[in-house]
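Reviewing the structure listed below.
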Amino acid sequence: MHRLEDRAEIHDQMFRYARATDWLETENHLLVFAEECVFASPHSGDMHGAQNVVDWMSRVLAQFEATQHHISNISITFTGEHTATAVSYVRAWHRFLDQSKPDMILWGEYHDKWERIDGTWRIRERRVLEAGIEPRRDGGAVNPRRAKQ
Amino acid sequence: MHRLEDRAEIHDQMFRYARATDWLETENHLLVFAEECVFASPHSGDMHGAQNVVDWMSRVLAQFEATQHHISNISITFTGEHTATAVSYVRAWHRFLDQSKPDMILWGEYHDKWERIDGTWRIRERRVLEAGIEPRRDGGAVNPRRAKQ
Amino acid sequence: MHRLEDRAEIHDQMFRYARATDWLETENHLLVFAEECVFASPHSGDMHGAQNVVDWMSRVLAQFEATQHHISNISITFTGEHTATAVSYVRAWHRFLDQSKPDMILWGEYHDKWERIDGTWRIRERRVLEAGIEPRRDGGAVNPRRAKQ
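Top to bottom, those sequences are chains V, C and R. Each residue of the first sequence is one higher than the one before, counting from 2 in our numbering. Each residue of the second sequence is one higher than the one before, counting from 2 in our numbering. Each residue of the third sequence is one higher than the one before, counting from 2 in our numbering.
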């Protein structure tokens with residue numbers, strides 16, 4: 002029931018995702034995502050396929066001097082021997098190369114489907130929801146459970 | 002000594018607390034707190050009983066468009082087979098419905114007593130201390146160890 | 002391979018480091034660092050020896066009303082029975098006693114070498130890299146992998 006080894010492996014993959022992004026080693030996302038995957042960021046539609054995730058990351062990250070993705074509150078639910086869902090929080094800080102722009106911060110949630118493929122846990126689907134963005138702006142994909150108010 | 006399964010269960014409950022708050026599913030605090038509990042937030046006195054925690058949460062959260070509670074640095078000390086103390090850090094971000102108010106951020110600490118009751122780890126006592134609040138203001142419950150300077 | 006007990010012990014030591022700093026119990030760094038150690042903060046040169054770390058911490062922390070070090074994304078790689086490397090993220094918030102100064106925030110990375118000495122995991126070397134600092138300023142030790150762009 003506790004599946005502590007599997008939890009540790011998924012945690013490690015979550016942080017590899019962050020470093021692949023923050024260190025501009027975007028090709029390392031191929032080690033985290035399943036080849037057939039869905040990635041839905043707040044301000045893009047659904048992307049399909051790990052290589053498309055890499056390409057998109059490489060493109061959008063070029064505008065930043067630095068980013069940092071702090072992942073916390075990782076909650077994993079195993080749905081089978083090789084499958085799990087996970088919810089986690091992220092505070093994603095973005096500093097633009099254009100120094101006239103203020104830092105942009107996403108207070109987000111990752112809603113994931115994980116699958117163990119050939120012995121490695123990978124993201125089959127990641128949906129990024131927004132609690133909010135600084136500076137304040139509208140749009141994005143709000144968690145419907147919060148938005149119900 | 003390591004009690005890794007118990008740690009994982011307490012971690013999961015810590016994050017359930019955050020989601021119950023951030024997703025406005027305040028009734029889920031009944032799954033986290035012991036029925037007989039104490040919750041001391043920085044700007045209220047001690048509250049007693051899980052239902053009072055739910056009622057207070059529902060009341061104060063109504064003023065926010067969104068909140069997010071990032072919990073980190075979770076340190077657990079087991080004091081018995083079914084009891085533990087825990088210290089953790091929280092960065093609690095609050096965005097008001099009133100858009101003229103700036104986001105409020107609490108840099109806090111949770112000082113907890115946990116107890117396993119009928120097989121489930123629950124919060125018997127949670128005291129929220131403040132490292133600081135943005136925008137800067139006075140008041141709150143400062144960690145006396147820091148305040149000794 | 003998973004070494005879950007060792008991971009938990011290193012996690013605990015990481016958080017003890019944060020509390021030793023944030024609670025001004027700087028002498029507790031002697032419980033975290035190896036006696037012979039290197040600590041390289043972004044705005045100092047390399048420091049050698051745990052007592053020098055304590056002295057430096059006590060000196061620089063005196064200017065702050067409060068600090069909080071949120072550690073996340075802890076990734077540990079065991080390199081031997083008693084040795085490991087680790088990368089983690091830190092969001093280090095600093096509030097000055099001088100109220101005319103804005104809060105200073107370091108978005109950093111800890112790049113560590115850990116060693117188990119007499120049964121306790123300790124930091125043999127910690128290098129603090131900077132993703133960025135708020136308010137924005139130049140200088141510091143940038144992760145060369147990010148800086149390659």
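Built from N, CA and C at the ideal position, the CB exists for glycine as well.
Just how far apart, CA to CA, sit residue i and residue j?
{"i": "Gln-100(V)", "j": "Arg-138(R)", "result": "11 Å"}
{"i": "Val-61(V)", "j": "His-12(V)", "result": "25 Å"}
{"i": "Met-15(C)", "j": "Ser-73(C)", "result": "10 Å"}
{"i": "Trp-57(V)", "j": "Thr-80(V)", "result": "30 Å"}
{"i": "Ala-142(V)", "j": "Asp-7(C)", "result": "34 Å"}
{"i": "Ser-59(C)", "j": "Ser-59(V)", "result": "42 Å"}
{"i": "Pro-103(C)", "j": "Ala-19(V)", "result": "29 Å"}
{"i": "Pro-136(C)", "j": "Arg-96(C)", "result": "12 Å"}
{"i": "Gly-46(R)", "j": "Asn-53(V)", "result": "42 Å"}
{"i": "Ala-21(R)", "j": "Trp-94(R)", "result": "15 Å"}
{"i": "Asn-144(R)", "j": "Asn-144(C)", "result": "34 Å"}
What distance in whole Å lies between the Cβ atoms of residue j and residue i, which are believed to be in contact at a cut-off of 8 Å?
{"i": "Glu-28(R)", "j": "Val-55(R)", "result": "6 Å"}
{"i": "Gln-69(C)", "j": "Ala-132(V)", "result": "4 Å"}
Based on Cα-Cα distance, which residue from the options lies nearest to residue i?
{"i": "Arg-17(C)", "options": "His-44(C), Leu-130(C), Thr-68(C), Leu-32(C)", "result": "Leu-32(C)"}
{"i": "Tyr-90(C)", "options": "Thr-80(C), Phe-65(C), Leu-130(C)", "result": "Leu-130(C)"}
{"i": "Glu-110(C)", "options": "Pro-103(C), Arg-96(C), Arg-92(C), Thr-121(C)", "result": "Arg-92(C)"}
{"i": "Arg-146(C)", "options": "Glu-82(R), Glu-26(R), Ala-19(R)", "result": "Glu-26(R)"}
{"i": "His-3(R)", "options": "Pro-103(R), Trp-94(R), Glu-82(R)", "result": "Glu-82(R)"}
Do residue j and residue i come within 8 Å of each other at the CB atom, strictly closer than that value?
{"i": "Ile-77(R)", "j": "Ala-85(R)", "result": "yes"}
{"i": "Ala-9(V)", "j": "Leu-5(R)", "result": "yes"}
{"i": "Val-39(V)", "j": "His-49(V)", "result": "yes"}
{"i": "His-44(R)", "j": "Gly-140(R)", "result": "yes"}
Return the chain-ordered list of same chain residues with a C-beta closer than 8 Å to the C-beta of residue i, the five sequence neighbours on each side being excluded.
{"i": "Ala-35(R)", "result": "Ala-51, Glu-116, Ile-118, Arg-123, Ile-124, Arg-125"}
Below 7 Å CB to CB, which residues in the same chain sit around residue i once its five sequence neighbours on both sides are set aside?
{"i": "Asp-113(C)", "result": "Thr-86, Ala-87, Ile-124, Glu-126, Arg-127"}
{"i": "Asp-23(R)", "result": "Thr-68, Gln-69, His-70"}
{"i": "Ile-75(C)", "result": "His-12, Met-15, Ala-87, Ser-89"}
Only counting the same chain, and skipping five residues up and downstream in sequence, which positions put a Cβ closer than 6 Å to that of residue i?
{"i": "Ile-134(C)", "result": "Leu-107"}
{"i": "Ser-42(C)", "result": "Val-129"}
{"i": "Gln-150(V)", "result": "Confidence in Gln-150(V) is poor, its pLDDT being 46 and thus under 50, which makes the residue's placement too unreliable to answer from."}
{"i": "Met-105(R)", "result": "His-95"}
Tell me which residues of the stretch 109-130 of chain C have at least one Cβ-Cβ distance to chain A shorter than 8 Å, keeping chain order. In the structure shown, chain A cannot be found, because the protein chains are V, C and R.
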